[in-house]
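303 is the number that the working numbering gives to position 260 of the sequence shown; each next residue is one higher, with no gaps. Backbone N, C-alpha and C fix where the C-beta goes; we use that ideal spot for every residue, glycine too. For clarity, every value in this text was computed on a predicted model and none was experimentally measured. Contents: one structure, followed by commentary.
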Amino acid sequence: MISEQDRATQPVVKVEHLAISYETRAGEVRAVRDVSFEIYRGETLGIVGESGCGKSTVAFGMVNYLGRNGKIAGGNIYFQGQSLVGRSAEELRRLRGDQIAMVYQDPMTSLNPVLRIGDQMIEVLRVHRNLKKAEAWERCVEMLRKVNMPVPEKVMDRYPHQISGGQQQRVVIAMAMLNNPALLLMDEPTTALDVTVEAAVLDLVDDLRREFDTAILFISHNLGVVARVCDRVAVMYAGEVVEMASVEEIFTNPRHPYTQGLIRCVPRLGRSKSSSVLYPIRGRVPSPRNLPPGCVFEPRCDYARDACREQKIKSRQVSPNHYARCLFAEEINPDQWQPTEDLVPVSAVSVEGRETILDVDALRTYYEHSDSSPLSLLGLGKKEYVKAVDGVSFSIPKGLTLGVVGESGCGKSTLIKTIIGLEEQSGGKVEFMGFALKTK
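In structure tokens, the structure reads:
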């Protein structure tokens, strides 16, 4: 048994030289190699990197969600001092959803489409906490309120397809937090959320971390979110952690060329595309079947030298609590970087004299809403309507882009579906290149 003193000083989770591979028809593919980190109570570690770098694979490996062809090929994972590698499926099932919870990028992979949301949330509490149904119901409604879900009592009675994608993600986050887990794995948790709900959810996650000393692994492409919520950051590339440091060090003093490249790709709020340029990282992430012989980033690196091609690079300390997998990390100054090609800002475009491609006038999309009362089931109840789109008008000239923004549930997706005919128009008109588009 582990004493309370040991629990206070040891990390909640410790990953040591983790390697994860998948068996394929072409042979074994090593998707993750030599990944090490630890997360302490009340700490948030962010993992960033391009798609295909192995971020989600690390999280899945920590709870053994690797599929039949996946396996931990090396290293170890310790949760509260106990190894998770080699644990039985039943032991891991008791941990998942209770002491370890995970929030996925796509909420529909977590929600059962044929069960009401309330039934799914209540099951979590009844399995792991043995609560009575009424008590579990109140706890679920309370958690839905915390994630700013409108009318949570009604949401509990709905199916996943009856709420928006952003609302689905809020349900998943609320479900993950029901048991106040010791470790929370969050794989792009706010991708489907609008900025206002994202801010509320991030505040909620931070409150949970502070109140219950929860350790959080936060995977994201959004460097702005990572800068806001994380204490430390691990930068992954091609299955390896290429840099790790505090969030302040990563953003003010990045030592690996890949980290510097990621930061140069971030748009700055308030800057116009007509006055500033974003510099992409040339090339693409290599396939794990065809990795470079030396440094995995060498083919895309502006600072590559012969030594980078001759040997595998090990992670080393370049300053206190700052590690980088680069031979020349101390010599590289991001302020002296010069682009390898000339990129110019986008010029402002005039809309005068341009042909109108799409014209939308007073478009409406209403849905009939009925409850589960006997009168409604017999068709005798009072008809109520949800005004998903109500009197929207705009036009788009040829060659221009119109952005549609708003909070989850505002009708953005319904608007597009109605325009292209996937939803029936309740009123208004849509013209495409002068031709009327009608759905009924």
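| Check | Outcome |
| --- | --- |
| Flag this pair as yes or no: are the beta carbons of Ala479 and Ser436 separated by less than 7 Å? | no |
| Would you call Thr239 buried or exposed, if buried means 16 or more other Cβ atoms sit within 10 Å of its Cβ? | exposed |
| Check whether the Cβ atoms of Gly452 and Ser207 sit closer than 7 Å, and answer yes or no. | yes |
| Leaving aside the five residues before and after Thr67 along the sequence, list all residues of the same chain whose C-beta is less than 8 Å from its C-beta, in chain order. | Asn112 |
| Taking only the alpha-carbon atoms, compute the straight-line gap between Asp200 and Gly446 and give it to the nearest angstrom. | 33 Å |
| Please go through the same chain and pick out, in chain order, the residues whose beta-carbon is closer than 6 Å to the beta-carbon of Met31, but skip the five residues on each side of it. | No information on residue 31 is available, as it lies outside the stretch 44 to 483 that the chain covers here. |
| State the Cα-Cα distance for the pair Leu401 and Pro440, rounded to the nearest angstrom. | 7 Å |
| Please identify the residue among Gly470, Val272, Val106 whose C-alpha is closest to the C-alpha of Leu135. | Val106 |
| What is the rounded straight-line gap between the Cα of Lys472 and the Cα of Lys481? | 7 Å |
| DSSP puts His412 in a beta bridge; with which residues? | Glu427 |
| Can you tell me which of the three DSSP states Val198 falls into? | helix |
| Please list the terminal residues of the continuous beta strand (DSSP E) segment that includes Gly89. | 87-91 |
| Would you mind sorting Ile513 into buried or exposed? The rule is 16 or more other CB atoms within 10 Å of its CB. | As shown, the chain starts at 44 and ends at 483. That puts residue 513 outside it, with no answer to give. |
| Helix, strand or coil for Thr302 per DSSP? | helix |
| Let's test the definition: count the other Cβ atoms within 10 Å of the Cβ of Ile45 and tell me whether it reaches 16, buried, or not, exposed. | Note on Ile45: pLDDT 41, under 50, position unreliable in the model; the coordinate value appears next. Flag for Ile45 reads exposed. |
| Does the beta-carbon distance from Leu227 to Thr257 come in below 7 Å? | yes |
| Touching or not, the stretch 162-173 and the stretch 113-123, by the rule of three or more beta carbon pairs under 8 Å? | no |
| Buried or exposed: where does Met220 fall if 16 or more other Cβ atoms within 10 Å of its Cβ makes it buried? | buried |
| Tell me whether the stretch 326-345 and the stretch 249-264 touch, counting them as touching only if at least three CB pairs, one residue from each stretch, are closer than 8 Å. | no |
| Is DSSP giving Val339 helix, strand or coil here? | coil |
| Just list the beta strand (DSSP E) runs in the stretch 49-123, keeping only unbroken ones of 3 residues or longer that don't cross its boundaries, in chain order. | 56-67, 70-82, 87-91, 113-122 |
| Here's the rule I'm using: 16 or more other beta-carbon atoms within 10 Å means buried, otherwise exposed. How should Lys175 be labelled? | exposed |
| Alpha carbon to alpha carbon, how far is Lys114 from Val146? Give it in angstroms, no decimals. | 21 Å |
| Hey, how far is the Cα of Met192 from the Cα of Gln210? | 7 Å |
| So, with DSSP's three-state summary, where would you put Glu395? | coil |
| For Arg352, which residues from the same chain have a beta carbon less than 8 Å from its beta carbon, with the 5 sequence-adjacent residues on both sides left out? | Pro335, Pro336, Gly337, Cys338, Glu341 |
| When the Cα atoms are used, what is the spatial distance from Phe294 to Arg368? | 17 Å |
| How far does the beta strand (DSSP E) with Ile324 in it extend, from its first residue to its last? | Looking at the DSSP string, Ile324 is not in any beta strand (DSSP E), and its letter there is neither H nor E. |
| Start and end of the beta strand (DSSP E) containing His171? | That residue, His171, is in no beta strand (DSSP E); its alpha helix (DSSP H) goes 160-171. |
| Determine, using beta carbons only, whether Ala179 and Leu168 come nearer to each other than 7 Å. | yes |
| Excluding the 5 residues flanking Leu61 on each side, which residues of the same chain have their C-beta closer than 8 Å to its C-beta? | Val75, Asp77, Val78, Ser79, Val101, Gly104, Ile115, Gly117, Gly118, Asn119, Ile120 |
| Could you pull the start and end residues of the alpha helix (DSSP H) that Asp230 belongs to? | Run containing Asp230: none in the alpha helix (DSSP H); it sits in the beta strand (DSSP E), 226-230. |
| Can you give me the C-alpha to C-alpha distance between Glu181 and Pro195, rounded to a whole angstrom? | 10 Å |
| Considering only residues of the same chain and omitting the five flanking positions on each side of Ile462, which have a CB-CB separation below 6 Å? | Val473 |
| Which residues in the same chain have their Cβ closer than 8 Å to the Cβ of Gly85, if we skip the five residues on either side of it in sequence? | Arg252, Arg253, Asp256, Thr257, Ala258 |
| Whole angstroms are fine: how far does the CA of Ser153 sit from the CA of Glu467? | 30 Å |
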